[in-house]
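Visitor: Quick one: the structure is below, and I'll ask about it shortly.
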Amino acid sequence: MMNAFLTQLSDAVSPDLISILSIPLTVSIHAACRRVYRRWRWPLLSPMLTSLVLLAGLLVLLRMPYPRYMAGAHWLSSLLQPATVAFAVPLYRHRRALLDHAPAIGAGLLCGSVMAVISSIGLAHLAGLGDGVARSLAPRSITTPVAMAVAKQIGGNPVLTAVFVIATGILGILVGPWLTRILRLRTPVGRGALMGMGAHGIGTARAFEMGSQEGTLSSLSMVVAALAGVVLIPLLLPWMNIISLH
20 MMNAFLTQLS
30 DAVSPDLISI
40 LSIPLTVSIH
50 AACRRVYRRW
60 RWPLLSPMLT
70 SLVLLAGLLV
80 LLRMPYPRYM
90 AGAHWLSSLL
100 QPATVAFAVP
110 LYRHRRALLD
120 HAPAIGAGLL
130 CGSVMAVISS
140 IGLAHLAGLG
150 DGVARSLAPR
160 SITTPVAMAV
170 AKQIGGNPVL
180 TAVFVIATGI
190 LGILVGPWLT
200 RILRLRTPVG
210 RGALMGMGAH
220 GIGTARAFEM
230 GSQEGTLSSL
240 SMVVAALAGV
250 VLIPLLLPWM
260 NIISLH
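Take a look at the structure:
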């Protein structure tokens, strides 16, 4: 009986209405999830995860095809490009901190970026996940807007990449604080760089909870890691594919 009701409800909702409501619905769900996270501060309540789960559940409940939803929500995806360009703002604003710690940040992020790409592609091929999944997994360690753009450029699935990025970020904020204690990272540079490189945007929000310096260095690390990923991933991908064939 419930299935019949949902079918009738889905048929009754016109595609035009879905297109009109898709953006305010998405923004409202994200705002509500963000408010819940600010109240409880539990990593698994990150709005990037909870809003995704709630929205996907709603689409399934209403039996709403994804293309019908994206007919209106595609405007949100188009904002990814200016969001990527906007990363230049924190780089300029905190250029002094970046220059002061350039050797440490540069060396750490270069090694981290290379290892992230190699491990992602290598594990995907070892697990037999296929070339498409490997290409989608490669940008998982850079922030979502840039990762989706890189995935599209190298022939991956941007939506799948977004899922991998979110999963990486959530794992990073769960493991990151523990690693800072195990590795005895007591300086804001080390703790901030770890969170920004390992958990990108979600990690940066967590780093600001540690302190303002940690948050600033985390945001810088996230931006620099994203720029490094844009350059390194297309360069490393052909070599990783050649190695996997042997």
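Using the numbering used here, the letters of the sequence shown map in sequence onto residues 20 to 265. By construction, the Cβ of each residue, glycine as well, lies at the ideal position given by its N, Cα and C atoms.
Use the C-beta contact count for V72: other C-beta atoms within 10 angstroms, 16 or more gives buried, fewer gives exposed.
Guide: exposed
Visitor: Would you say the segment 199-212 touches the segment 221-230, given that touching needs at least three Cβ pairs under 8 Å?
Guide: yes
Visitor: Rounding to the nearest angstrom, what Cα-Cα distance links H144 and L193 in this structure?
Guide: 26 Å
Visitor: L202 and I124 - do their beta-carbons sit closer together than 8 Å?
Guide: no
Visitor: Could you pull the start and end residues of the alpha helix (DSSP H) that P66 belongs to?
Guide: 66-80
Visitor: Please classify R112 as buried or exposed, where buried requires at least 16 neighbouring CB atoms within 10 angstroms.
Guide: exposed
Visitor: Fully enclosed by the segment 83-160, which alpha helix (DSSP H) runs are 4 residues long or longer?
Guide: 85-97, 99-104, 107-112, 114-119, 121-145, 150-156
Visitor: Of all the options N176, S231, G220, which has the alpha carbon lying nearest to the alpha carbon of S160?
Guide: G220
Visitor: Can you give me the C-alpha to C-alpha distance between G76 and P84, rounded to a whole angstrom?
Guide: 12 Å
Visitor: Assuming C52 contacts P66 (C-beta within less than 8 Å), just tell me the rounded distance between them.
Guide: 4 Å
Visitor: Going by other Cβ atoms of all chains shown within 10 Å of its Cβ, with 16 needed for buried, is G191 buried or exposed?
Guide: buried
Visitor: Nearest to P196 by CA position, among G217, A168, L118, is which residue?
Guide: G217
Visitor: Is DSSP giving L264 helix, strand or coil here?
Guide: For L264, the predicted model reports a pLDDT of 49, less than 50, meaning its position is unreliable; a value from the coordinates is still stated below. Here L264 sits in helix by DSSP.
Visitor: Kindly indicate which residue of L68, R205, L98, A181 has the alpha-carbon position closest to the one of I42.
Guide: L98
Visitor: Determine whether the Cβ of I185 lies closer than 8 Å to any Cβ atom of chain C.
Guide: Protein chains in the displayed structure number just one, and chain C is not present.
Visitor: How close, in whole Å, do the beta carbons of M167 and A153 come, if the pair is a contact with beta carbons under 8 Å?
Guide: No, M167 and A153 are not in contact; Cβ-Cβ is about 16 Å, not under 8 Å.
Visitor: Just tell me which of L255, S237, W258 has its CA closest to the CA of A116.
Guide: The residue among L255, S237, W258 with its C-alpha nearest the C-alpha of A116 is S237.
Visitor: Which of the three DSSP states is assigned to W61 in this structure?
Guide: coil
Visitor: Look at the Cβ atom of L255, then the Cβ atom of I173, and state whether they are nearer than 8 Å.
Guide: no
Visitor: With R203 as the anchor, note down where its alpha helix (DSSP H) starts and where it stops.
Guide: Unbroken run through R203: none, as it is neither H nor E.
Visitor: Measure the alpha-carbon distance for L264 versus G149 and round it to whole angstroms.
Guide: Its pLDDT being 49, under 50, L264 is placed unreliably by the model, and nothing is read from it.
Visitor: Leaving out the 5 sequence neighbours to the left and right, which residues in its chain are closer than 7 Å to V104 when beta-carbon positions are compared?
Guide: none
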